[in-house]
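Undergrad: Before we start, here is the structure in question, set down as C-alpha cells.
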Amino acid sequence: MIDLVLEKLPVSISLGLWTTLLTYLISIPMGIAKSVRDGSNFDIWTSFVVIIGNAIPGFLFAILLVVLFAGGSFFDIFPLRGIVSTNWHELSAFDKVLDYFWHMVLPITTLVIGSFATLTMLTKNSFLEEINKQYVITARSKGLTENKILYGHVFRNAMLIVIAGFPSAFISILFTGSMLVEIIFSLDGLGLLGFEAAINRDYPVMFATVYCFTLLGLIMHLIGDITYTMVDPRIDFENREV
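Reading the sequence shown from the start, the letters are residues 0 to 241 in numbering that gives the first Met the number 0.
Here it is in C-alpha cells:
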C-alpha cells in the first residue's frame, strides 16, 4: 500500500507545485499592477480575462486544449497521455527534462487557468486596502517614491493575506483540479489512484490517498506559518502571549 502511494505521489506533487508556483508568479504581479492602475483600461481588460478564466470549469478547458493541441480536430503538438514518453529512460538528461515539460504543458496550463483568478483579485484587494491607509499617505508626504512605498512598506503588509491562502490553494489544486486533470490526461498520480479506488470500492487505497492529502495539507500550513515570519519579522510565534 505504501509503495503504491509513494509511486503515484511524485506526479501529483509535481502538478501541484508547478501549478502553485506559476499561479503565484502570474497572479501577484498582475494583482499589484491592477491595484496601482485601479479603474484604468488595464484593470478593466485584465478583470475581463480573470472573470473568463474563473468562469470556465477546469475540465472543460482541459478538453478544449486536448481538442486544439493534442491530436483532436486541429493540431497534434502535445502528447495526450502520461507524464513522460515511453522511451524516457533512453533519453539524455537534457532531453528528459524537455520531454517532461513537454508532457506537462497542457495539464499545468489547465490548472493555472482555473486557479489564478481568485489569487489575482485577492492580491489586488489586499494592496488596495493597504494603499489607502494612513501610513502610505504619511510616506508620500515625506517624499518617498511610489516604488519605495509599494515594495518597501505596502508589500510586506499586503502579502500576509496572500501567503495565508498558499496552503489552501495548494491543497485545493490537489484535491479538486488535479484529480480531474489526471483523469483527462491519463496522469498516473494520487488523484487518478483515488478515483479508481472509489470506483472499485477499494477502501484501503481511498483512505491512504486521503491520508496523504491531509499530511500534505499540514505540511503546507507549516510552510505558510514559516513564511509569515520571513515576510514580516514582527510576527513571533514563540514570544506571543497565551
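C-beta atoms are modelled at their ideal positions from N, C-alpha and C, and glycine is treated no differently.
Would you kindly work out how many angstroms separate the C-alpha atoms of Leu97 and Leu215, rounded to a whole number?
TA: Translated into the one-based positions of the sequence shown, residue 97 becomes position 98. Translated into the one-based positions of the sequence shown, residue 215 becomes position 216. When rounded, the distance between both Cα atoms is 28 Å.
Undergrad: Confirm, please, whether the CB-CB distance from Gly52 to Ala116 is below 8 Å.
TA: Here residue 116 refers to the residue found at position 117 of the sequence shown. Here residue 52 refers to the residue found at position 53 of the sequence shown. For Ala116 and Gly52, yes; Cβs fall inside 8 Å.
Undergrad: Relative to the C-alpha of Thr45, which residue among Thr119, Val209 and Ala138 is closest?
TA: Start at 1 with the first residue of the sequence shown, and residue 45 comes out as number 46. Of Thr119, Val209 and Ala138, the residue nearest in Cα terms is Thr119.
Undergrad: Asp75 bridges to which residues according to DSSP?
TA: Residue 75 sits at position 76 when you count from the first residue of the sequence shown. For Asp75, which the question treats as bridged, DSSP gives the partners Ala69.
Undergrad: Using the beta-carbon count (16 or more within 10 Å), is Ile112 buried or exposed?
TA: Residue mapping note: residue 112 aligns to position 113 of the sequence shown, counting from 1. Buried: at least 16 other Cβ atoms inside 10 Å.
Undergrad: By how many angstroms is the C-alpha of Arg139 removed from the C-alpha of Lys147?
TA: Within the sequence shown, residue 147 is the residue found at index 148, counting from 1. Within the sequence shown, residue 139 is the residue found at index 140, counting from 1. If you take the alpha carbons of Lys147 and Arg139, they lie about 10 Å apart.
Undergrad: Considering Leu105, what are the terminal residues of the alpha helix (DSSP H) in which it resides?
TA: Position 106 of the sequence shown, counting from 1, holds the residue named residue 105. Here the alpha helix (DSSP H) through Leu105 covers Ala92 to Ile130.
Undergrad: So what does DSSP say about Pro28, is it helix, strand or coil?
TA: Looking up residue 28 in the sequence shown gives position 29. DSSP places Pro28 in helix when its eight states are reduced to three.
Undergrad: Note the first and the last residue of the continuous alpha helix (DSSP H) segment covering Asn53.
TA: Taking the first residue of the sequence shown as 1, we reach residue 53 at position 54. Counting along the chain, the alpha helix (DSSP H) containing Asn53 begins and ends at Asn40 to Ala54.
Undergrad: Leaving out five residues on either side along the sequence, give the residues of the same chain with a beta carbon under 8 Å from the beta carbon of Val160.
TA: In the sequence shown, residue 160 corresponds to position 161, counting from 1. At residue 160 the sequence reads Ile, which differs from the Val that was named. The residues are Leu121 and Ser125.
Undergrad: Would you tell me roughly how many angstroms separate the C-alpha atoms of Ser143 and Pro28, rounded to the nearest one?
TA: Position 144 of the sequence shown, counted from the first residue, corresponds to residue 143. Position 29 of the sequence shown, counted from the first residue, corresponds to residue 28. Note that residue 143 is Leu in the sequence shown here, rather than Ser. About 21 Å.
Undergrad: Counting pairs of Cβ atoms below 8 Å between the segment 2–11 and the segment 178–197, do you hit three or more?
TA: Contact holds: three or more Cβ-Cβ distances are below 8 Å.
Undergrad: Quick check: what's the CA-CA separation for Phe74 versus Thr18?
TA: Within the sequence shown, numbered from 1, the residue matching residue 74 stands at position 75. Within the sequence shown, numbered from 1, the residue matching residue 18 stands at position 19. Approximately 24 Å between the Cα atoms of the pair.
Undergrad: Enumerate in chain order the residues of its own chain whose CB-to-CB distance from Ile25 is below 8 Å, with the five nearest sequence positions on each side excluded.
TA: Sequence index remark: in the sequence shown, residue 25 carries index 26 (1-based). Correct list, in chain order: Val111, Phe115 and Thr119.
Undergrad: Would you tell me roughly how many angstroms separate the C-alpha atoms of Ser177 and Asp2, rounded to the nearest one?
TA: Taking the sequence shown and counting its residues from 1, the one referred to as residue 177 is at position 178. Taking the sequence shown and counting its residues from 1, the one referred to as residue 2 is at position 3. If I take the Cα positions, the gap works out to 21 Å.
Undergrad: Are the beta-carbon atoms belonging to Thr109 and Gly57 less than 8 Å from one another?
TA: As a working mapping, residue 109 is identified with position 110 in the sequence shown. As a working mapping, residue 57 is identified with position 58 in the sequence shown. Contact flag set, yes.
Undergrad: Grouping DSSP H, G and I as helix and E and B as strand, with all else coil, what is Ser11?
TA: Here residue 11 is taken as the residue at index 12 of the sequence shown, counted from 1. Looking at Ser11 - three-state DSSP - the assignment turns out to be helix.
Undergrad: Residue range of the alpha helix (DSSP H) that Phe194 falls in?
TA: Here residue 194 refers to the residue found at position 195 of the sequence shown. Phe194 -> alpha helix (DSSP H) spans Leu189 to Ile198.
Undergrad: The alpha helix (DSSP H) that contains Ile183, what's its start and end?
TA: Taking the first residue of the sequence shown as 1, we reach residue 183 at position 184. Segment Ser177 to Ile183, the alpha helix (DSSP H) holding Ile183.
Undergrad: In terms of alpha-carbon separation, which member of Gly223, Met103, Phe206 and Glu145 lies closest to Val35?
TA: Counting from one through the sequence shown, the residue named residue 35 turns up at place 36. Nearest of Gly223, Met103, Phe206 and Glu145 to Val35, Cα basis: Glu145.
Undergrad: With C-beta atoms as the reference, is Ile162 less than 8 Å away from Thr226?
TA: Taking the sequence shown and counting its residues from 1, one reaches residue 162 at position 163. Taking the sequence shown and counting its residues from 1, one reaches residue 226 at position 227. The answer is yes: Cβ separation under 8 Å.
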